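Heads up: take any position in the sequence shown, counting from 1, add 336, and you land on the working numbering. Just so it is clear, CB atoms sit at the ideal spot from N, CA and C, and this is done for glycine as well. Note that this is a predicted model, so its numbers are computed, not measured. Read through the structure below, which is laid out as structure tokens, and then see the notes.
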Amino acid sequence: MKTLVLALAVLAAPAAAQAPNWTKAQPISITMTDHGFIPRRIAVQRNGLYVLRVTNRSGKGHNLTQKAFFANARIARQDRGWVRDGQIVLDSGRRATVHLQAPATRRGGTYEFSSTTLADADDDYKGVFVIR
């Protein structure tokens, strides 16, 4: 029994050692307006730690959708409820905070994001994450 407990402790140690230090995360703010995202271009370091703050200041609901980016990023456990099916959905006046580790994609890689609500389909409601 002691051998099993010791083996489990050894296996768990690397996972605990790799937990991100969110106090070192860089802030990124994205605002949803009636005319699109501000800013539209967001540069992130591959594997960098970020606190993504998304605020909807428009008069209607919007989403920030980029399935591959969110699937390849490491989302903090406490914030996973904000990211569902590759998108952050916010009603008017709402705000989401998501701690994430950016994907390990090659430098220069891009992830174009958009709002996929029906009313935004005709607008230029788009942006891009650029990996540095």
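Item                                                                                                                                       : Value
Could you check what DSSP says for T403 in three-state terms: helix, strand or coil?                                                       : Correcting the residue type first, residue 403 is Lys in the shown sequence and not Thr. Three-state DSSP puts K403 in a helix.
Would you call the stretch 357-376 and the stretch 385-395 in contact, with 3 or more CB pairs under 8 Å?                                  : yes
Let me confirm a value: H398 is counted as buried when at least 16 other C-beta atoms fall within 10 Å, else exposed. Which label applies? : buried
Taking the straight line between their C-alpha atoms, what separation do you get for A351 and H371?                                        : Residue placement at A351 is flagged as unreliable, the pLDDT there being 49, under the threshold of 50; a coordinate-derived value is accordingly withheld.
If you measure from the beta carbon of G417 to each beta carbon in chain B, is any gap under 8 Å?                                          : Any reference to chain B falls outside this structure, which holds one protein chain only.
Between T441, G444, G417, which has its C-alpha nearest V434's C-alpha?                                                                    : G417
In whole angstroms, what is the alpha-carbon distance linking R410 and R377?                                                               : 20 Å
Helix, strand or coil: which one does DSSP assign to N392?                                                                                 : strand
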